[in-house]
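Going by our numbering, the sequence shown opens with residue 3, and the numbers climb by one from there.
Quick reminder that beta carbons are idealized off the backbone N, C-alpha and C, glycines included.
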Amino acid sequence: MKTHLLSSLLFLFSLSLSAQTIGTMQELSAQQKAAATSITLRGVQLPTGWNSDFRQLRDCCPRLTELNLSGCRNRELPTNALFSAHHLRRLVLPDSLERIGKAALYACDGIEELVIPASVVRIDDSALAGMRALRRLTILGCPEMGEMALAGLTDLREIVVQSPIPPRCAANTFAGLQSQQIQLTVPRSARRAYRQAEGWRTLFINASKKHTQDVDSVQIIPIPQSLTYDDGRLEMAQIGKVVACDALNNERDHAQTILNRLSTWRPGKGKGILQLELDATISASPEAYTLQVTPNGIVIRGVTPTAVFWGLMTLEQMLTTSCANTLTASLPTLHIEDAPRTQLRELMIDPARIFIPLAELRLFVVEMARYKLNALHLHLVDDQAWRIEIKAYPRLTEIGSKRTGMDDMPLDISGYYTQEEMREFVQFAARYHVEVIPEIEMPGHEVAAIHCYPQLTCGAREVPIRTTCGVSNELLCPGEEFVYEFLGNVFRELSEVFPSRYIHLGGDEAGNPALDCWTHCEKCEALKAKLGIPLSDRSENWRLQEYLFNRVIDTLRTCYGKTPMFWYETDFKRIPEGCITFAWRHGLTAAAIRAAQENGAHIMLCPGEHCYLDYPAAPGDMPEVNWGMPVTSLEQTYRLDPSWGFGESFEQHHLFGVAGTLWSECIPTPERLFYMTYPRAMALAEAGWSPKSRRQWPDFQQRSTFHLRALFIRRLLDASR
Ligand code: ACM
Ligand code: ZN
Numbered sequence: 003m004k005t006h007l008l009s010s011l012l013f014l015f016s017l018s019l020s021a022q023t024i025g026t027m028q029e030l031s032a033q034q035k036a037a038a039t040s041i042t043l044r045g046v047q048l049p050t051g052w053n054s055d056f057r058q059l060r061d062c063c064p065r066l067t068e069l070n071l072s073g074c075r076n077r078e079l080p081t082n083a084l085f086s087a088h089h090l091r092r093l094v095l096p097d098s099l100e101r102i103g104k105a106a107l108y109a110c111d112g113i114e115e116l117v118i119p120a121s122v123v124r125i126d127d128s129a130l131a132g133m134r135a136l137r138r139l140t141i142l143g144c145p146e147m148g149e150m151a152l153a154g155l156t157d158l159r160e161i162v163v164q165s166p167i168p169p170r171c172a173a174n175t176f177a178g179l180q181s182q183q184i185q186l187t188v189p190r191s192a193r194r195a196y197r198q199a200e201g202w203r204t205l206f207i208n209a210s211k212k213h214t215q216d217v218d219s220v221q222i223i224p225i226p227q228s229l230t231y232d233d234g235r236l237e238m239a240q241i242g243k244v245v246a247c248d249a250l251n252n253e254r255d256h257a258q259t260i261l262n263r264l265s266t267w268r269p270g271k272g273k274g275i276l277q278l279e280l281d282a283t284i285s286a287s288p289e290a291y292t293l294q295v296t297p298n299g300i301v302i303r304g305v306t307p308t309a310v311f312w313g314l315m316t317l318e319q320m321l322t323t324s325c326a327n328t329l330t331a332s333l334p335t336l337h338i339e340d341a342p343r344t345q346l347r348e349l350m351i352d353p354a355r356i357f358i359p360l361a362e363l364r365l366f367v368v369e370m371a372r373y374k375l376n377a378l379h380l381h382l383v384d385d386q387a388w389r390i391e392i393k394a395y396p397r398l399t400e401i402g403s404k405r406t407g408m409d410d411m412p413l414d415i416s417g418y419y420t421q422e423e424m425r426e427f428v429q430f431a432a433r434y435h436v437e438v439i440p441e442i443e444m445p446g447h448e449v450a451a452i453h454c455y456p457q458l459t460c461g462a463r464e465v466p467i468r469t470t471c472g473v474s475n476e477l478l479c480p481g482e483e484f485v486y487e488f489l490g491n492v493f494r495e496l497s498e499v500f501p502s503r504y505i506h507l508g509g510d511e512a513g514n515p516a517l518d519c520w521t522h523c524e525k526c527e528a529l530k531a532k533l534g535i536p537l538s539d540r541s542e543n544w545r546l547q548e549y550l551f552n553r554v555i556d557t558l559r560t561c562y563g564k565t566p567m568f569w570y571e572t573d574f575k576r577i578p579e580g581c582i583t584f585a586w587r588h589g590l591t592a593a594a595i596r597a598a599q600e601n602g603a604h605i606m607l608c609p610g611e612h613c614y615l616d617y618p619a620a621p622g623d624m625p626e627v628n629w630g631m632p633v634t635s636l637e638q639t640y641r642l643d644p645s646w647g648f649g650e651s652f653e654q655h656h657l658f659g660v661a662g663t664l665w666s667e668c669i670p671t672p673e674r675l676f677y678m679t680y681p682r683a684m685a686l687a688e689a690g691w692s693p694k695s696r697r698q699w700p701d702f703q704q705r706s707t708f709h710l711r712a713l714f715i716r717r718l719l720d721a722s723r
């Protein structure tokens, strides 16, 4: 009885601790923010700048379910204020509020009821989009509402608007709503006006009824090598079947799905065909295809199934409109000849820092493929976690995959991929012609593994898993035989899961002073003596790193037939011939290219200046709090020159491709991952695929606006399935 009373008291005490009534977030400690379940803010003006109160409510309070801002006098809920704050269940907005900024409540998908105060005069683009649990929305005033401001509210059942004049909307303000299930309550005298008003009228029509649209000019990213229009048109209703040989079964399935989703084709009825063909004579590039639209049908020819698939992705873009619920009724007749400029166009994502569920990885692959990005590079391990099951070393995932936070974000970010799940995912990606490349870091960025198996590091020190970003001094010990046994077993198991031609070995940021780890280690000293490496200055440690790499590279090549990849570091001067190195460091691309040329190696370009998509795309954009990331704008990404001014010969013999990186230290939700990726990944895709002569920034800008809108709608509707 006594124990029961005590635990009840403790429970009440913890409740009182987690319910906070304060002026601003500054009054709470990190622990209080982490524990808070209910916050009432009474500060007259909540700070909105760097590390604003909103950013803290969004990123630092994962248990917060109730947020009451009624006591504040803020006039604006800033852009991205509570973007994908999945934890929120109840939100009371200040009745001084005049503007709800762009994406301010995007994917706040735990909130069931919301009242927009009468003071609000503007709800910006996508402000409430993706609030999927929202059942009842009350709009007390007459706010103007931007594009897709209320899109994707799939559970919405009731909208109450008090204004006798319909608030001004865009045509797609309510895109993706289940209009037949929604009760719209407006002043009786205003019902007719709402029925006729732009945007509102979509709430009175059958949402499952599709509209049709004729496409006049196509908008393709990456822009094809050549595209010429003829004078005619193809009515999509002419198309009645897809014809393809057995080797293209997968592509035929995709083609049927695309036609069903996006066009008015009449399967079994139309007389025309969509023909898919293999044709090795088109070009030397295995990814080259042609696409012809005539008044009678469509023919896609490709050198390989991958090439045919890229042709289909082009067709899909031609049929895409930026409205949900619209089918393409006709296309202009045209002819496309296309092939990529570079072999590998990849995105690197980082489930190590913040775990990314498999369902999200799938959506990620589907979108990548649309832009002909053909490799997904998975950064599976780092100082902060180990995310792939290795049967020989179960502690890696039992212990190494559990995280309770990242810097000031006390999130539960545990999780790992089993080998079986990963195998299925790899097969799924292959159907989209996306190759999944695993990365296991060495010798640095390995603290999670070292924590689980301390004998991996010099002196077998016990090291905690890192919960902050930054570079660790703990490295794998090259003088310890267990390290080679460990890596050998890990790569053996990985080779059985990932059929990719490549394995990425990391190799970044294990330089001075981190290499000090090897300066005072008996085993490292003994190895240096055995190899005849002089103990001069710390540069001898780079020779040790080379030894470690060469041994692992040899195993990868001879046992598993893999081509090794790694991040380029200038001190790592000798790149084994045939390897693929990644030029990533700001300002050092030319040095990396010269090293690749001198060593007969290939190079991927992902210079920080253009390709680090985890950096904010504009000043003040997410992630607002970071370790000092420079801004990388869409234009800056677009301006990547894959040949870096080194000319034809470099491009032909050494350039392998381009990569965009999405390190996830500051990307705490899947929605944020998409937000950081697009539209910059479209720019990267075009840099890696399209010839220089076809690329023009203003033209790309216009195409990317169209594509971003379409992607946004897809994402809202896909995520709600
Ligand atoms: C890197 O950004 N550390 C490759
Ligand atoms: Zn050592």
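- Of all residues in the structure, which have a C-beta closer than 5 Å to any heavy atom of the ligand ZN, taken in chain order? 460, 479, 481, 523, 525, 526
- Output yes or no for whether 8 Å exceeds the beta carbon distance between residue 688 and residue 223. Against a cut-off of 8 Å, the Cβ pair of residue 223 and residue 688 comes out as a contact.
- Message: Pull the bridge partners of residue 584 from the DSSP assignment, please.
- Response: 569, 606
- Alpha-carbon to alpha-carbon, residue 626 and residue 508: 27 Å
- Task: For residue 361, count neighbouring Cβ atoms within 10 angstroms of its own Cβ and tell me buried if that reaches 16, exposed if not.
- Result: exposed
- Mapping DSSP to helix, strand and coil, what is residue 496? helix
- Task: Report the three-state DSSP secondary structure of residue 54 (helix, strand or coil).
- Result: coil
- I think residue 663 touches residue 615, with their Cβ atoms under 8 Å apart; what is that distance to the nearest whole Å? 6 Å
- Spell out the partners DSSP gives residue 185 in its beta bridges. 160
- Query: Mapping DSSP to helix, strand and coil, what is residue 283?
  - Reply: coil
- How many whole angstroms separate the CB atoms of residue 253 and residue 278, which I take to be in contact at a CB cut-off of 8 Å? 5 Å
- Message: Using a Cβ-based criterion (distance less than 7 Å to any ligand heavy atom), does residue 667 qualify as near the ligand ACM?
- Response: no
- Message: Quick check: is any heavy atom of the ligand ACM less than 7 Å from the C-beta of residue 663?
- Response: yes
- Query: Tell me, which residues are paired with residue 24 by DSSP?
  - Reply: 43
- Task: Check each candidate in 593, 117, 405, 173 and name the one with the smallest Cα separation from residue 144.
- Result: Residue 117 is the option with its Cα nearest to residue 144.
- residue 651 by DSSP, collapsed to three states: which one? helix
- Query: Does the stretch 176 to 188 come close enough to the stretch 142 to 160 that 3 or more CB-CB pairs lie under 8 Å?
  - Reply: yes
- Report yes if the CB atom of residue 355 is closer than 8 Å to the CB atom of residue 667, and no otherwise. It is a contact, given that the beta carbons lie within the stated cut-off.
- Item | Paired residues, beta bridge with residue 296 - DSSP | 299
- Message: Quick check: what's the CA-CA separation for residue 204 versus residue 260?
- Response: 25 Å
- Task: Report yes if the CB atom of residue 161 is closer than 8 Å to the CB atom of residue 184, and no otherwise.
- Result: yes
- Item | contact_flag[the stretch 82 to 94, the stretch 61 to 69] where n(CB pairs < 8 Å) is 3 or more | yes
- Looking at the structure shown, is residue 544 part of a helix, part of a strand, or coil, going by DSSP? helix
- Query: So is residue 489 buried or exposed if we call it buried at 16+ other beta carbons inside 10 Å?
  - Reply: buried
- Taking 8 Å as the threshold, find out whether the stretch 523 to 532 comes into contact with the stretch 419 to 434 through three or more Cβ pairs. no
- Message: If you measure between the beta carbons of residue 221 and residue 340, is that distance less than 8 Å?
- Response: no
- Query: How do the stretch 372 to 384 and the stretch 20 to 28 stand: do at least 3 beta-carbon pairs fall below 8 Å, yes or no?
  - Reply: no
- Query: If residue 624 sits next to residue 82, beta carbons under 8 Å apart, how far is it from one beta carbon to the other, in whole angstroms?
  - Reply: 5 Å
- Message: My output table needs one value for residue 689: the three-state DSSP class, helix, strand or coil.
- Response: helix
- Looking only at C-alpha atoms, which of 590, 149, 709 sits nearest to residue 574? 590
- List the whole-angstrom C-beta distance separating residue 686 from residue 581, where the pair is believed to meet the contact cut-off of C-beta under 8 Å. The pair is not a contact, with the Cβ atoms about 23 Å apart (cut-off 8 Å).
- Task: Out of 20, 622, 96, 450, state which residue places its alpha-carbon closest to the alpha-carbon of residue 35.
- Result: Taking only the C-alpha atoms, the option nearest residue 35 is 20.
- Could you tell me which residues DSSP pairs with residue 330 in its beta bridges? DSSP links residue 330 through a beta bridge to 215, 265.
- Task: Report whether the distance from the Cβ of residue 586 to the nearest heavy atom of the ligand ACM is below 7 Å.
- Result: Flag set: Cβ of residue 586 near the ligand ACM.
- Query: Touch check for the stretch 587 to 605 and the stretch 645 to 659: three-plus C-beta pairs under 8 Å?
  - Reply: yes
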